[in-house]
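Peer 1:
Residue numbers (the numbering used here): 294 to 495.
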């Protein structure tokens, strides 16, 4: 049976500047047990991918912007004919980052937003100021004409935020909004009691 790869999520680092309660990979700022692979290794991976398919490749983490060569990776993938995208928590986005996003050929950026207020989002992300960082990033993307979507993960602690986040995503100018269930791996295993029931999702 033919299998046509359309989409690849690629965790290019386990390092992250946040410590989200639901993180599937238990990412943290120091990830000594999971060191980043080299740029040469990244190029070999992109060579392999482009040899059999032309999928969307989402550079994720961790927080991919912690890699100094993230835009070199994106640019190389673009040169190989791959549709490169970036998944970020938004807190590290600056004017320069936006210019690099455009220059490297990144087609789309996804932002994480788990609450319509700092109180809810920052609690989910375990970091004061995370909400403000995400909102600021959305504004910068809009300013630089960078297309972005918003991803939201839900548990019992933020399930009442669904309509508010939807409204905020529209106001921010996101082209799409995706809702996700918690994956019970990494730190997600520690909040199993917060998982929403099937009836709750309905």
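Where is the CB? At the ideal position from N, CA and C, for every residue including glycine.
#1: So what's residue 473 in DSSP terms, helix, strand or just coil?
#2: Between the Cα of residue 361 and those of 347, 408, 306, 431, spot the shortest distance and give me the residue it belongs to.
#3: Would you call the stretch 391–405 in contact with the stretch 333–345, where contact means no fewer than 3 C-beta pairs closer than 8 Å?
#4: Can you confirm whether the stretch 375–392 touches the stretch 415–425 when touching is taken to mean that 3 or more C-beta pairs between the two stretches lie within less than 8 Å?
#5: Can you tell me the Cα-Cα spacing of residue 405 and residue 338, whole angstroms?
#6: Note down the Cα distance separating residue 356 from residue 310, rounded to an integer number of angstroms.
#7: Opposite residue 444 in the DSSP bridges: which residues?
#8: Assuming residue 411 and residue 457 are in contact, meaning their beta carbons sit under 8 Å apart, how far apart are those beta carbons, in whole angstroms?
#9: Cα-Cα, which of 350, 392, 495, 450 is closest to residue 299?
Peer 2: In terms of the structure at hand:
#1: Looking up residue 473 in the chain shown gives position 180. Of the three classes helix, strand and coil, the one that applies to residue 473 here is strand, per DSSP.
#2: Locating residue 361 in the chain shown gives position 68, where the first residue counts as 1. For the residues 347, 408, 306, 431, the minimum Cα distance to residue 361 belongs to 306.
#3: no
#4: yes
#5: Counting from one through the chain shown, the residue named residue 405 turns up at place 112. Counting from one through the chain shown, the residue named residue 338 turns up at place 45. In a straight line, the C-alpha of residue 405 is about 26 Å away from that of residue 338.
#6: Within the chain shown, residue 356 is the residue found at index 63, counting from 1. Within the chain shown, residue 310 is the residue found at index 17, counting from 1. Their backbone Cα atoms lie some 7 Å apart in a straight line.
#7: For the purposes of this step, residue 444 is taken as residue 151 along the chain shown, with counting starting at 1. Residue 444 pairs with 405, 471.
#8: Sequence index remark: in the chain shown, residue 411 carries index 118 (1-based). Sequence index remark: in the chain shown, residue 457 carries index 164 (1-based). That belief does not hold up - the Cβ atoms of residue 411 and residue 457 are roughly 13 Å apart, past 8 Å.
#9: The residue you call residue 299 lines up with position 6 of the chain shown. Residue 299 has its Cα closest to that of 350, out of 350, 392, 495, 450.
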